[in-house]
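Asks:
In my numbering, the protein residues as written are 99 to 722.
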């Protein structure tokens with residue numbers, strides 16, 4: 099690609115690249131395209147090998163000039179991957195294996211016959227679905243932040259340019275003043291997608307009002323919530339879009355340098371981001387006098403070591419500076435005094451990914467999506483006890499019911515829905531009575547939870563909510579930086595009290611002390627990690643008081659999860675005296691006489707491993 103030194107050259111490249119993308123997707127000239135999911139989940143399921151096998155098969159059949167093969171970003175429907183999509187027909191094949199490639203090449207690519215055995219089957223209608231958009235998982239989604247993911251090759255700048263890439267950057271640099279850009283973002287109503295929900299335009303305005311020759315944009319790609327993978331998938335699927343959003347932010351408030359802070363556990367995202375930065379520098383889209391204007395910008399990457407607290411913006415800034423990742427007192431806020439003491443705007447990956455869309459379509463159109471106080475779309479990592487595990491992007495205002503049962507496909511194995519944890523460790527559990535709650539910042543907070551960065555973990559009747567709170571508090575204790583005593587000491591004491599509850603050692607006074615301490619930590623901690631640390635406890639205590647009472651008063655775990663309150667027992671009537679349970683027991687706590695006496699479990703020796711239950715072919719063993 100030639101050097102892009104002016105808007106005219108960019109327009110020329112965009113026109114040429116758009117024609118190439120259109121040809122790929124529309125099949126012009128009889129050509130066809132094979133798109134293979136290249137997200138981390140599918141790479142772990144051999145999508146690299148699938149791609150190589152396609153290349154091999156296509157070469158063997160002499161089809162290199164007629165069929166292209168590319169890795170693309172995450173398709174979203176993770177529980178059904180790896181995906182292979184064929185254009186221009188838009189045929190989608192799911193759970194593809196390397197051994198399926200020969201069939202797809204010979205039946206579909208050569209003979210035009212759909213591989214029926216690889217099509218997705220709708221669980222409700224039992225009908226096979228050919229096109230992606232006809233699958234219920236996708237019908238109510240709207241891809242804004244995920245624009246280009248599952249369509250473009252994230253390693254090719256040309257494909258980004260052919261799929262709306264850098265049109266917004268050209269517009270702001272050639273048609274808009276910095277203040278007009280800020281005004282447009284303000285008018286859109288977009289709020290930060292990292293969890294706090296602060297209006298993005300206001301943050302930019304604060305930084306713009308500061309008089310400083312040096313300012314910074316920082317992209318927060320730390321993403322430490324258990325089960326969350328939204329930012330990772332965006333960076334893997336379309337890193338160019340996030341860089342473009344960062345550059346627009348820099349132009350708006352006067353920054354000429356940007357830092358991506360991405361955790362080192364995201365090697366695919368890191369590799370693709372570094373390649374994107376290098377390719378943009380090579381053609382002049384990053385560097386001095388971009389598009390022949392006075393605007394210069396450079397992007398850098400810093401790797402995080404995996405500390406959850408570094409998702410907090412001031413701890414993140416300390417980490418970039420080479421200091422220990424601990425939060426700073428605020429004020430001053432980073433927009434006033436941030437990275438190396440200079441005005442800095444810290445924006446989440448998803449926030450920056452939406453900025454180019456806002457500039458392309460205009461604030462008015464963007465503001466039509468969502469609710470009065472929460473505009474646009476939100477990406478969720480939907481996981482847990484849900485049929486359709488994956489990455490979901492929905493308009494703000496979509497209800498939890500729609501998210502869980504329409505898009506998520508409901509609860510597996512006919513189990514009953516119990517709760518959904520939104521906002522990760524900082525959020526809370528919402529129950530069946532909350533299913534018609536619209537997903538927006540204010541509604542979720544009013545229900546005792548929060549949007550957070552977008553993790554959504556679904557639980558069914560087999561989950562113990564006390565155990566869930568115990569898990570999150572264990573995580574919070576491990577991730578507390580220790581700077582302030584309410585968080586450092588208070589969360590540890592909460593974890594100890596929760597352990598007493600799950601072990602059957604707590605009293606009603608323990609529950610009173612837990613609630614009182616939770617409120618102290620909430621009000622006295624320095625940063626959001628501590629201020630929200632008690633949310634899982636308070637929300638489960640409020641929504642599931644009977645479960646806490648059962649643990650404390652009855653010394654029982656209704657869900658049979660907490661090991662200290664659970665027993666495995668053998669029904670003497672159902673027992674066939676086969677001795678299989680005794681032979682499999684790792685601690686030899688099961689005794690009996692083969693063929694003569696029913697077997698019994700010595701509860702004082704039992705370690706509650708469940709091996710006996712899993713191995714009994716007669717259903718004679720149960721949990722109590």
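Glycine is no exception: its CB is placed at the ideal position from the N, C-alpha and C atoms.
1) In the DSSP assignment, the beta strand (DSSP E) including residue 130 goes from what residue to what residue?
2) Take residue 437 as the anchor and find which of 562, 421, 523, 184 has the nearest alpha-carbon.
3) Count the C-beta pairs between the region 422-430 and the region 377-386 that are closer than 8 Å, then say yes if the count reaches three, no if not.
4) Which residue wins for smallest C-alpha separation from residue 310, given the options 138, 442, 340, 193?
5) Between residue 585 and the rest of its own chain, which residues show a CB-CB distance below 6 Å, the 5 nearest in sequence each way excluded?
6) Hey, out of 151, 498, 671, 409, whose CA is closest to residue 547's CA?
7) With 16 other CB atoms within 10 Å as the buried threshold, where does residue 148 fall?
8) When you compare the region 315-333 with the region 267-275, are there three or more beta-carbon pairs, one atom per stretch, that lie closer than 8 Å?
9) What do you get for residue 716, buried or exposed, if any count of 16 or more other CB atoms within 10 angstroms of its CB means buried?
10) What do you get for residue 192, buried or exposed, if any count of 16 or more other CB atoms within 10 angstroms of its CB means buried?
11) Does the contact criterion of 3 or more C-beta pairs under 8 Å hold for the region 331-345 versus the region 166-184?
12) State buried or exposed for residue 473, treating a residue as buried only when at least 16 other CB atoms are found within 10 Å of its CB.
13) Going by the DSSP bridge assignment, what does residue 700 pair with across the sheet?
14) Can you tell me the Cα-Cα spacing of residue 677 and residue 702, whole angstroms?
15) The alpha helix (DSSP H) that contains residue 554, what's its start and end?
16) Whose C-beta lies closer than 7 Å to the C-beta of residue 534 among residues of the same chain, with five residues either side of it excluded?
17) Sort out for me which residues DSSP pairs residue 667 with in a bridge.
18) Relative to the C-alpha of residue 262, which candidate in 157, 409, 109, 154 has its C-alpha closest?
19) For residue 467, which residues in the same chain have their Cβ closer than 8 Å to its Cβ, ignoring the five residues on either side in sequence?
20) According to DSSP, simplified to helix, strand and coil, what is residue 439?
21) Given that a residue counts as buried once 16 or more other Cβ atoms are within 10 Å of its Cβ, and exposed if not, what is residue 387?
22) Is it buried or exposed, residue 223, if we count other Cβ atoms within 10 angstroms and call 16 or more buried?
23) Judging by CA-CA distance, which residue of 557, 564, 540, 565 is the nearest neighbour of residue 289?
24) Would you call residue 684 buried or exposed, if buried means 16 or more other Cβ atoms sit within 10 Å of its Cβ?
25) CB-CB under 8 Å to residue 608, same chain, minus the five flanking residues each way: which ones, in chain order?
26) So what does residue 518 bridge to, in DSSP terms?
27) In the structure shown, what three-state DSSP assignment does residue 533 receive?
28) Going by alpha carbons, who is nearest to residue 350 out of 219, 283, 150?
29) Comparing C-alpha positions only, which one of 286, 230, 406, 103 sits nearest to residue 626?
30) Could you have a look at residue 568 and say whether DSSP puts it in helix, strand or coil?
31) By Cβ distance below 6 Å, which residues in the same chain neighbour residue 182 in space, the five residues on each side in sequence not counted?
32) Mind checking residue 606: buried by the 16 CB within 10 Å criterion, or exposed?
33) Can you grab the Cα-Cα spacing for the pair residue 464 / residue 370, in whole Å?
34) Evaluate the contact criterion for the region 442-454 versus the region 210-230: three or more CB pairs, one atom per stretch, below 8 Å.
35) To the nearest angstrom, how far is it from the Cα of residue 709 to the Cα of residue 682?
36) Which residues bound the alpha helix (DSSP H) around residue 478?
Replies: Answer, in terms of the structure:
1) Translated into positions along the chain shown, residue 130 becomes position 32. 130-135 is the span of the beta strand (DSSP E), which, as asked, contains residue 130.
2) In the chain shown, residue 437 corresponds to position 339, counting from 1. When only C-alpha atoms are compared, the closest one is 421.
3) no
4) Position 212 of the chain shown, counting from 1, holds the residue named residue 310. Closest by alpha carbon: 442.
5) If you number the chain shown from 1, residue 585 lands on position 487. So the list reads 578, 623, 628, once near-sequence residues are dropped.
6) By one-based count along the chain shown, residue 547 stands at place 449. Minimum Cα distance to residue 547 is reached at 498.
7) Your numbering for residue 148 matches position 50 in the chain shown. Result: buried.
8) no
9) For the purposes of this step, residue 716 is identified with residue 618 of the chain shown, where counting begins at 1. Result: exposed.
10) In the chain shown, the residue the question calls residue 192 occupies position 94. Classification for residue 192: buried.
11) yes
12) Residue mapping note: residue 473 aligns to position 375 of the chain shown, counting from 1. Result: buried.
13) In the chain shown, residue 700 corresponds to position 602, counting from 1. Beta-bridge pairing links residue 700 to no other residue.
14) Reading the chain shown from its first residue, position 579 is the one you call residue 677. Reading the chain shown from its first residue, position 604 is the one you call residue 702. Going from the Cα of residue 677 to the Cα of residue 702 covers about 20 Å.
15) Taking the first residue of the chain shown as 1, we reach residue 554 at position 456. Here residue 554 belongs to no alpha helix (DSSP H); instead the beta strand (DSSP E) covers 553-558.
16) Counted from its first residue, the chain shown places residue 534 at position 436. Correct list, in chain order: 497, 499.
17) Locating residue 667 in the chain shown gives position 569, counting from the first residue. In the DSSP output, where bridge partners are listed per residue, residue 667 has 720.
18) Residue 262 sits at position 164 when you count from the first residue of the chain shown. Looking at the Cα atoms, 109 is the closest of the given residues.
19) Position 369 of the chain shown holds residue 467. Only 240, 242, 473, 474, 475, 493, 494 meet the Cβ criterion.
20) Locating residue 439 in the chain shown gives position 341, counting from the first residue. Looking at residue 439 - three-state DSSP - the assignment turns out to be helix.
21) Working through the chain shown from its first residue, we reach residue 387 at position 289. It is exposed - the Cβ of residue 387 has fewer than 16 other Cβ atoms within 10 Å.
22) Here residue 223 refers to the residue found at position 125 when the chain shown is read from its first residue. Per the 10 Å Cβ criterion, exposed.
23) Counting from one through the chain shown, the residue named residue 289 turns up at place 191. If we check each option's Cα against that of residue 289, 540 comes out closest.
24) To locate residue 684, count along the chain shown from 1; it is residue 586. Residue 684 should be labelled exposed.
25) On the chain shown, residue 608 is found 510 positions in, with the first residue counted as 1. Excluding positions up to five away in sequence, the list reads 595, 598, 599, 650.
26) Residue mapping note: residue 518 aligns to position 420 of the chain shown, counting from 1. Residue 518 is bridged to 528, 556.
27) Within the chain shown, residue 533 is the residue found at index 435, counting from 1. The answer is coil: DSSP assigns residue 533 none of H, G, I, E or B.
28) Taking the first residue of the chain shown as position 1, residue 350 is located at position 252. Comparing Cα positions, the closest option is 283.
29) In the chain shown, counting from the first residue as 1, residue 626 sits at position 528. Out of 286, 230, 406, 103, 406 has the C-alpha closest to the C-alpha of residue 626.
30) Reading the chain shown from its first residue, position 470 is the one you call residue 568. Of the three classes helix, strand and coil, the one that applies to residue 568 here is helix, per DSSP.
31) As a first step, residue 182 must be located in the chain shown, where it is residue number 84. Contacts found: 134, 191, 194.
32) Here residue 606 corresponds to residue number 508 of the chain shown, with the count starting at 1. Result: exposed.
33) Stepping through the chain shown from its first residue, residue 464 is reached at position 366. Stepping through the chain shown from its first residue, residue 370 is reached at position 272. Taking the straight line joining both Cα atoms gives about 28 Å.
34) no
35) Locating residue 709 in the chain shown gives position 611, where the first residue counts as 1. Locating residue 682 in the chain shown gives position 584, where the first residue counts as 1. Going from the Cα of residue 709 to the Cα of residue 682 covers about 7 Å.
36) As a first step, residue 478 must be located in the chain shown, where it is residue number 380. From DSSP, residue 478 is part of no alpha helix (DSSP H) but of the beta strand (DSSP E) over 475-482.
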